[in-house]
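FYI, in the UniProt record's numbering the residues of the sequence shown are 1 to 73. Glycine included, C-beta positions come from ideal geometry on N, C-alpha and C. Below is one structure; the comments refer to it alone.
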Amino acid sequence: MRQKRGYVEMRNAGDFLPESVIQMLQKQHYGLFGHSAVKLCHYTKTSIKGKEKCYKHKFYGIQSQLCLQMTPT
Numbered sequence: 001m002r003q004k005r006g007y008v009e010m011r012n013a014g015d016f017l018p019e020s021v022i023q024m025l026q027k028q029h030y031g032l033f034g035h036s037a038v039k040l041c042h043y044t045k046t047s048i049k050g051k052e053k054c055y056k057h058k059f060y061g062i063q064s065q066l067c068l069q070m071t072p073t
């Protein structure tokens with residue numbers, strides 16, 4: 001089912017991917033938005049809880065809770 005929001009036409013992942021692939025990505029905790037996928041990495045989750053941070057924080061000063069893994073659109 002397609003929905004319109006403003007000028008952008010939003011589509012479901014089912015319009016682009018087979019159901020088996022959608023289930024696999026959801027099992028791996030990806031969020032699906034149209035033809036893109038987003039996943040919080042391990043260090044993002046632990047940093048939000050005030051625990052371990054990733055190497056990006058140590059070497060580059062990037063706050064782990066602001067980091068996100070995304071697929072290209």
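In this structure Tyr-30 is in contact with Val-38, their Cβ atoms being roughly 7 angstroms apart against a cut-off of 8 angstroms.
A distance below 7 angstroms separates the beta carbons of Ala-13 and Leu-32. In this structure, the CA atom of Ser-36 is about 27 angstroms from the CA atom of Tyr-60.
The beta carbon of Phe-16 is closer than 6 angstroms to those of His-35 in its chain, skipping five residues each way along the sequence.
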